[in-house]
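**Q** When we follow the numbering used here, the leftmost residue of the sequence shown carries the number 559, and every step to the right adds one.
Glycine included, every Cβ here is placed at the ideal spot set by N, Cα and C.
First, the structure itself, so that you have it in front of you.
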Amino acid sequence: ALCERHGQQISVLRCLAKSCVEGPPALHLMTSVLRLYRVVGSLFRFVTTPAKPDISPQLVTMLGQLAGDQGLGPAVYQFISFANAQPWGEGVTEGKVKREAAMVPRMIQEMEKFELLVVKLNKKSGVDLMRHMKKATARDFRIKVDEVVLRAKKKEREEEEE
């Protein structure tokens with residue numbers, strides 16, 4: 559029953575993350591995703607406690623919903639890229655910017671902790687849980703060199719024109 563309830567919550571959050579909401583709802587979405595990963599991480603920690611954990615099919619299904627190709631994880635990473643690309647509107651307070659900027663690393667940290675728990679559970683149980691995990695998650699948090707060069711050239715042209 560607990561896995562089914564979390565499965566429904568995962569489905570709703572995945573739909574919201576794919577819809578790329580903006581403004582205050584985006585911050586609430588990030589908070590909800592962070593809380594979900596904390597709760598599900600606690601559930602997986604509870605399951606990994608015994609020496610030979612018993613993996614239920616519902617738990618495997620929930621893992622697929624969280625970390626699979628069509629799961630919450632990829633949708634959240636796409637949402638983070640979208641949220642970081644959005645310009646700040648007028649009248650946005652500095653506190654709100656700081657809260658949202660601090661939320662992203664915490665959310666990624668919780669997601670990575672969850673992935674570590676899945677790896678531990680995979681080793682303990684002998685059940686192939688890694689089939690649901692993406693081997694290499696492409697996070698777009700690196701410097702985009704092409705954009706930096708393009709902006710630098712544009713800025714140089716503007717300075718030369720002045």
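Taking 8 Å as the threshold (C-beta atoms), are residue 565 and residue 619 in contact?
**A** yes
**Q** Kindly indicate which residue of 585, 622, 643, 664 has the alpha-carbon position closest to the one of residue 596.
**A** 664
**Q** Applying the 10 Å Cβ sphere with the 16-neighbour rule, what's the burial state of residue 657?
**A** exposed
**Q** If I'm right that residue 662 touches residue 575 with Cβ under 8 Å, what's the distance once you round it to whole angstroms?
**A** Not confirmed; about 13 Å, so no contact.
**Q** Could you tell me if residue 673 is buried or exposed, where buried requires 16 or more neighbouring beta carbons within 10 angstroms of its beta carbon?
**A** Buried: at least 16 other Cβ atoms inside 10 Å.
**Q** Are the CB atoms of residue 617 and residue 561 within a distance shorter than 8 Å?
**A** In this structure, residue 561 places its C-beta atom within 8 Å of the C-beta atom of residue 617.
**Q** Have a look at residue 718 and residue 705 and give me their C-alpha separation to the nearest angstrom.
**A** Their Cα atoms are separated by approximately 20 Å.
**Q** Return the chain-ordered list of same chain residues with a C-beta closer than 8 Å to the C-beta of residue 675, the five sequence neighbours on each side being excluded.
**A** Hits under 8 Å: 599, 602, 603, 606.
**Q** Let me know the secondary structure DSSP gives residue 591 once reduced to three states.
**A** helix
**Q** Given this structure, state the Cα-to-Cα distance separating residue 638 from residue 679, to the nearest angstrom.
**A** 27 Å
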